[in-house]
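Engineer: According to the working numbering, the sequence shown holds residues 31 to 92 in order. The C-beta atom is built at its ideal place from N, Cα and C for all residues, glycine as well. Bear in mind that the values here come from a model prediction, so they are computed numbers and not experimental data.
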Amino acid sequence: MHLSRILIENFRNFSKLDVALDGNVVVVGENKVGKSNLMHALRLLFDPSLPDLPPAKSLIMM
């Protein structure tokens, strides 16, 4: 599977995140900027049976 874009809206600390991807991706950042929330959003896409409170309103992967 190849991800070319991640669009997340209204999920946890992301009001809107739109990132074009190309090649390998490394996620780095300071504490409490949303790295774990990004990983959780991707996990919800790949396994929608995972619980989340409140429910994700808009997660789109292209």
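1) What does the alpha-carbon distance come out to for the pair Asp-48 and Lys-65?
2) Rank Pro-78, Leu-74 and Asn-67 by C-alpha distance to the C-alpha of Asn-43 and give the top, closest one.
3) Would you list the residues sitting across from Arg-35 in a DSSP beta bridge?
4) Please name the residue in Asn-40, Asn-54 and Phe-41 whose C-alpha comes closest to that of His-32.
5) Helix, strand or coil for Asn-40, going by three-state DSSP, please let me know.
Structural biologist: In terms of the structure at hand:
1) A straight line joining the alpha-carbon of Asp-48 with that of Lys-65 spans about 14 angstroms.
2) For Asn-43, the closest C-alpha among the options Pro-78, Leu-74 and Asn-67 is that of Asn-67.
3) Residue pairing for Arg-35: DSSP places it in a beta bridge opposite Ala-50.
4) Here the closest residue by C-alpha is Asn-54.
5) In the structure shown, Asn-40 adopts extended strand secondary structure according to DSSP, grouped into three states.
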